[in-house]
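Numbering (the working numbering), first residue to last: 11 to 410.
Here it is as structure tokens:
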């Protein structure tokens, strides 16, 4: 089927999927910029903040595979809508303050929602678009997550108050859930959902060297990046005296620059048939640029340098996330076309696990022991490790 055989409504579906992911990410990522205020409001320590902030990644890591299976029973639309609604309720509950348990419980709900949203919205987009447009649609869709993360850090200081801000953001997420449920359908008219043997796919994926290399690569990438973005605003304040509002804007440039990188670098790498070399260059290049920029403490240099470093970082993840699509073309790999969903599920679980573990269990303790400079350097090294792992990929020929 060509694009002419698909309804124009597919762009509405894509827009709603983009908006929903943007809204959830934005509401979540107001936390790094407001970390000093949150510590006071809930009476918690920095370590407790780090755990609550990254908890949605951990919950999503556990639930993303069952969340995909749930869609087989409820349908993709209902499962994704349920996820949005649960996340929205989590943000509403986050408006309550006073204890660590309240914050942890609200972020637990956000994670449960993400565990339903993350595996199903991309699947919905892939069903609504022809194969020659799936790459473009997925790239556009993923910018919703990246743009939401950055926007959350930027708007955080301008919210009227923590309580009312969470009510507003939670309401936006719930509104998207309602509109999504009313407008979106599981498939275009006349098309059925393809069979997705997820369990069989997972069984094949765990036997694939490439799938595991990709899984550990995205684990390292998200472990390093979440730690950097989660701590950079307060680190800029503590070390360089830059207010957290400006620090949040600087940190947001990583993903704003990354949006452009994600849309251009993978295409260039594929055209030149230099995917391995490009992955190593952008993953290592991020830290090579970002660490000296951090050391300057100069606001102008930080804005410009962080944007450039973010552009490079944005090119890494799409190259790795493409791995499941080309595994069936590698003769020695056990993953066949019908098992791609299982390989994607394994990678998504590993990616979220990295996002959960990196800050509270690796970088946070290093910061407490050696300070922000050494902690951020360690996070950049972990991020670069995904490029080193990329050398181990067995790639198909472009003409295959």
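Virtual Cβ for every residue (Gly too), placed ideally from N, Cα, C.
With 16 or more other CB atoms across the displayed protein chains lying within 10 angstroms of its CB, residue 239 is buried.
One Cα belongs to residue 251, the other to residue 245, and the distance between them is close to 9 Å.
Classified as buried, residue 196 has 16 or more neighbouring CB atoms from the shown chains inside 10 Å of its CB. Burial check for residue 370: the Cβ neighbour count within 10 Å reaches 16 or more, so the residue is buried. Just measuring C-alpha positions, the residue of 174, 134, 287 sitting nearest residue 19 is 134.
Two segments are said to touch when three or more pairs of C-beta atoms, one from each, lie closer than 8 Å; by this definition the segment 19-29 touches the segment 182-191.
In this structure the segment 37-48 touches the segment 247-263; the number of beta carbon pairs closer than 8 Å is three or more. Each of 309, 163, 96 was checked against the Cα of residue 121, and the nearest Cα belongs to 96. A direct Cα-to-Cα measurement between residue 282 and residue 110 gives close to 51 Å. Beyond the five residues adjoining it in sequence on each side, residue 313 comes within less than 7 Å, by CB distance, of 260, 263 in the same chain, given in chain order. Just so you know, the alpha carbons of residue 78 and residue 258 end up roughly 34 Å apart. Take the alpha-carbon of residue 138 and the one of residue 307: they are about 47 Å apart.
Excluding the 5 residues flanking it on each side, residue 347 has same chain C-beta neighbours closer than 8 Å at 338, in chain order. When DSSP states are grouped into helix, strand and coil, residue 47 belongs to the helix group.
No Cβ-Cβ contact shorter than 9 Å links residue 177 with residue 30. The beta carbon of residue 62 sits closer than 7 Å to those of 113, 114, 117, all from its chain and outside the five residues before and after it, given in chain order. Within the model, the alpha-carbon separation for residue 212 versus residue 51 is close to 43 Å.
Contact between residue 214 and residue 334 is ruled out by a C-beta separation of about 11 Å, above the 8 Å threshold. Residue state for residue 284 is assigned as coil, using DSSP reduced to three classes. Cβ contact annotation for residue 395 (same chain, cutoff 7 Å, sequence separation greater than five): 230, in chain order. Residues 267, 268, 270, 271 of the same chain have their beta carbon placed closer than 7 Å to that of residue 321, with the five preceding and five following residues left out of the count. In this structure, DSSP gives residue 345 a state outside helix and strand, which the three-state scheme calls coil. Following the DSSP letters along the chain, one finds residue 105 in no alpha helix (DSSP H), marked with neither H nor E. In the three-state scheme derived from DSSP, where H, G and I count as helix and E and B as strand, residue 308 is classed as coil. When secondary structure is reduced to three states using DSSP, residue 219 falls in the helix class.
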